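Q: One structure follows; several queries about it will come next.
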Amino acid sequence: MTQSDFFSRVYRVVRRIPPGRVTTYGAIARFLGSGQSARMVGWAMNKSYGQTPFVPAHRVVNRNGFLTGKQHFGFSGTMQQLLESEGVHIENDQIPEFENLFWDPLKYLNPDLF
DNA sequence: ACTCTGACGAACC
DNA sequence: TGGTTCGCCAGAG
Numbered sequence: 100m101t102q103s104d105f106f107s108r109v110y111r112v113v114r115r116i117p118p119g120r121v122t123t124y125g126a127i128a129r130f131l132g133s134g135q136s137a138r139m140v141g142w143a144m145n146k147s148y149g150q151t152p153f154v155p156a157h158r159v160v161n162r163n164g165f166l167t168g169k170q171h172f173g174f175s176g177t178m179q180q181l182l183e184s185e186g187v188h189i190e191n192d193q194i195p196e197f198e199n200l201f202w203d204p205l206k207y208l209n210p211d212l213f
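With the working numbering, the residue at position 20 of the first sequence is 119, and numbering never jumps.
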């Protein structure tokens, strides 16, 4: 594992997502210059458990604001609980305010630094 | 070496 | 409107 590994780059982006905000697998992939690799971002999240520093994977949802990765948080409901503890409202595994809470890496981070 | 499977998303029917 | 295909590519069998 080196600093430039795709997974490491993904983790570094995810760690920058502010509490109470969310982004998408595709947005991260596009930010890293690999727009068609959203699946790899998902795979990276799957392997993010136990990483240090902590990787707030619960702040990454799919492009429609659905908590598609909730099954991977151990007890079903953990992902939702983490988000709600940050003030993110959820209904039926979806974030109604998704469009307002969406945090785009391309808008706040410099790709050259990743 | 080869096939299959995805925490995705866009393009096609 | 909705199901299927396809690009992507790292692991597992």
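The beta carbon of each residue, even a glycine, is placed where N, CA and C say it ideally should be. All values derive from a computational prediction rather than experimental measurement.
1. Under a Cβ-count criterion, where at least 16 other Cβ atoms within 10 Å of its own Cβ denotes burial, should P117 be classed as buried or exposed?
2. What's the C-alpha gap between L131 and F197?
3. Where does the unbroken alpha helix (DSSP H) through S107 begin, and where does it stop?
4. With DSSP collapsed to three states, give me the class of E196.
5. Is V109 near A156, with beta carbons less than 7 Å apart?
6. Work out the CA separation of V113 and R138 for me, nearest whole Å.
7. If I'm right that F106 touches K146 with Cβ under 8 Å, what's the distance once you round it to whole angstroms?
A: So, to answer that:
1. Here residue 117 refers to the residue found at position 18 when the first sequence is read from its first residue. Classification of P117: exposed, given that the 10 Å Cβ count is below 16.
2. As a working mapping, residue 131 is identified with position 32 in the first sequence. As a working mapping, residue 197 is identified with position 98 in the first sequence. Computed Cα separation, rounded: 22 Å.
3. Residue 107 sits at position 8 when you count from the first residue of the first sequence. From DSSP, the alpha helix (DSSP H) with S107 extends over F105 to V113.
4. What you label residue 196 is simply residue 97 of the first sequence in a count that begins at 1. Coil.
5. The sequence position of residue 109 within the first sequence is 10, counting from 1. The sequence position of residue 156 within the first sequence is 57, counting from 1. The answer is no: Cβ separation not under 7 Å.
6. On the first sequence, position 39 is the one that residue 138 refers to. On the first sequence, position 14 is the one that residue 113 refers to. One C-alpha to the other measures close to 15 Å.
7. Here the question's residue 106 lines up with position 7 in the first sequence. Here the question's residue 146 lines up with position 47 in the first sequence. About 7 Å separates the two Cβ atoms, so the contact holds.
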